[in-house]
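Each remark here refers to the structure printed beneath this line.
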Amino acid sequence: MRSPIVYCGPMWGGKTEALVSRLVRAQIQDIPVLAFNPQRNQRYGTNDIKAHSGAHFPAIPVENGDEIVQICKERDPAVIGIDEFFMIPEAMKAVRALLDRHAKIVVATLDMDSEARVWDSVAQLLGLAEEVIKCPAVCASCKADAYYTFRKGMAPSSRVLVGTDDFYEPRCRSCFEAGQEAKRFQDGEEGLFSRQARRD
Numbered sequence: 025m026r027s028p029i030v031y032c033g034p035m036w037g038g039k040t041e042a043l044v045s046r047l048v049r050a051q052i053q054d055i056p057v058l059a060f061n062p063q064r065n066q067r068y069g070t071n072d073i074k075a076h077s078g079a080h081f082p083a084i085p086v087e088n089g090d091e092i093v094q095i096c097k098e099r100d101p102a103v104i105g106i107d108e109f110f111m112i113p114e115a116m117k118a119v120r121a122l123l124d125r126h127a128k129i130v131v132a133t134l135d136m137d138s139e140a141r142v143w144d145s146v147a148q149l150l151g152l153a154e155e156v157i158k159c160p161a162v163c164a165s166c167k168a169d170a171y172y173t174f175r176k177g178m179a180p181s182s183r184v185l186v187g188t189d190d191f192y193e194p195r196c197r198s199c200f201e202a203g204q205e206a207k208r209f210q211d212g213e214e215g216l217f218s219r220q221a222r223r224d
């Protein structure tokens, strides 16, 4: 098994489902498996790794990468799964430490935020990965393959929003760019309106 293996792409691309499938397969093979989920990821009211499809796998919630390393030292799994990698501070440090222990690592993560900026830790992970699988979703606008996560105009501006599916949708590149342009135009219109109101 190559390591790290990374499933990445936008929301609703099946990344977590692919991760769960890998972990279940290792478990069936009687390989010691341990999975981790960021503490803040409580979308489904459980600590388990859980996909939109309903596929799930027991996981340990963690605040940072150091916790992952410490738990793995105590329990010595052969295969380690990490969901929502981009949400875990020092996760890349943990991956390097676990590779030094010859563990096999499988990760599911967004590769970009809703402004199409690559997460720094994910960029490092992709450079180190021995296998990378891009998992496209279906564009909410035109039904083409979607590789971008689009933040709708009414969403809060925080870079990470947990459990807020109503604020996001997957889009292909052209529909993503069209949406971004529409939001810029809307912001300009709002700014013009505000200036007019102040003058009145």
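The C-terminal position of the sequence shown is numbered 224 in the working numbering, with every residue numbered one higher than the one before it.
Beta carbons are placed, not taken as given, at the ideal position from N, Cα and C, and that holds for glycine.
A straight line joining the alpha-carbon of K167 with that of A127 spans about 39 Å.
When the alpha-carbon of N61 is set against those of C196, P113, Y171, C199, the nearest one is in P113. A direct Cα-to-Cα measurement between A115 and V57 gives close to 18 Å.
Taking a C-beta distance under 8 Å as the contact criterion, P82 and A59 qualify as a contact pair. The three-state secondary structure of K167, taken from DSSP, is coil.
Linking R99 to I92 through their CA atoms gives a straight-line distance of about 11 Å. Taking E108 as reference, the option from Q94, G89, K207, K176 with the minimal CA-CA separation is G89.
Here T133 is actually not in contact with V142; their C-beta atoms are around 11 Å apart, not less than 8 Å.
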